[in-house]
Ligand code: PBG
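Residue numbers (our numbering): 7 to 341.
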């Protein structure tokens, strides 16, 4: 009697479905695939040039020729799209962000090279003035203020410039009011009605952008902060309103940013609107995983995959992530 194992009379044993690998696969609710990945890439002038970004181990700024090589590899792995972020020569930055409108700026040259050499990958360009302004703000400054309407006019010009270069998706990350509608109208009027808009609809004023600002070289310049246009991390209903407005104005896809700390927002947005919804696993999130991994505190590969699965579970249709090439390689091996 004493050696009869203790046994509960249970109606439910959820562990049954977890006993074997095949059963675990069978009950799996979400999947991460290469089709979920958008790769953000930092670009620089020059040739045959690669610069490590110190705060983002494994990430390099690439000259256009190197970008083409990496984009081809990414396309071969099945990554659907990449997002370009320029590191502009400080000598070319000014109060008005003039370089943003130059048809031969770094981003436009990169877009043309990609469309010529790797036409099968989608090219997303960032619309905001911060890589080009001497003050590091996403819009124009009048005194201490980042003015809205004049900034929108500048962002429209920047969008047209990128569309003319051949960008597939215009991605405004600036958070000015009304810019999606203005950009949509201007694109349509110029014959770019096929160009998509991915709106950074709910973008928060976040501490997790630090390494990105180092990567594009805007951090050192930044005067003030971005709290008069990027959202307050305390707010959630406001994100829903921002997304609703951008959709009304013509956004094809919406994004929530940062990623993991804002999964509740991703979930709400997907639930309430049922539109293509993306999340940006930003530079600080990437840096934290890489730093902990390099100290041996977490398994970097597993944390990378688990973090991306979390986005899918929350309802994201895709993730902008600096891990994209590494994940794509890992997924290719596991098939
Ligand atoms: C700026 C922009 C930022 C990021 C993308 N576009 C930084 C900011 O708003 O200051 C952050 C991306 C990242 O941290 O990976 N328009």
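The C-beta atom is built at its ideal place from N, Cα and C for all residues, glycine as well.
Quick caveat: nothing in here was measured; it's all calculated off a predicted structure.
query: Near ligand 1: residue 232 beta-carbon under 7 Å from a heavy atom; result: yes
query: Span separating the alpha-carbon of residue 178 from that of residue 304; result: 34 Å
query: Extent of the continuous beta strand (DSSP E) to which residue 256 belongs; result: Premise fails: residue 256 is in no beta strand (DSSP E) and is neither H nor E.
query: Contact test: residue 262 Cβ vs ligand 1 heavy atom, cutoff 7 Å; result: no
query: Minimum C-alpha distance to residue 285 - residue among 126, 268 and 80; result: 268
query: Sequence-distant residues of its chain with Cβ nearer than 6 Å to residue 188 (five each side left out); result: 158 and 162
query: Residue closest to residue 194, alpha-carbon to alpha-carbon, out of 255, 302 and 30; result: 255
query: Between the CA atoms of residue 180 and residue 340 - distance to the nearest angstrom; result: 38 Å
query: Three-state secondary structure (DSSP) of residue 16; result: coil
query: Strand pairing of residue 115, partner residues [DSSP]; result: Answer by DSSP bridge pairing: none, since residue 115 is not bridged.
query: Inter-residue spacing [alpha-carbon to alpha-carbon] between residue 33 and residue 78; result: 35 Å
query: Boundaries (first-last residue) of the alpha helix (DSSP H) holding residue 314; result: 306-320
query: Secondary structure of residue 138, DSSP reduced to three states; result: coil
query: Segments assigned alpha helix (DSSP H), at least 4 residues, entirely inside the segment 202-249; result: 216-222
query: Nearest-angstrom Cβ-Cβ length linking residue 332 and residue 310, presumed shorter than 8 Å; result: 7 Å
query: Cβ-heavy atom distance, residue 226 to ligand 1, below 7 Å; result: no
query: Limits of the unbroken alpha helix (DSSP H) element including residue 35; result: Here residue 35 belongs to no alpha helix (DSSP H), and DSSP marks it neither H nor E.
query: Residues that DSSP places opposite residue 286 in a beta bridge; result: 326
query: Under the three-state DSSP convention, the category residue 101 falls into; result: coil
query: Beta-carbon contacts of residue 64 that lie in its chain and below 7 Å, excluding the five residues immediately before and after; result: 296
query: Contact belief for residue 210 with residue 263 at Cβ below 8 Å, rounded distance in angstroms; result: 7 Å
query: Inter-residue Cα distance where the pair is residue 20 and residue 12; result: 18 Å
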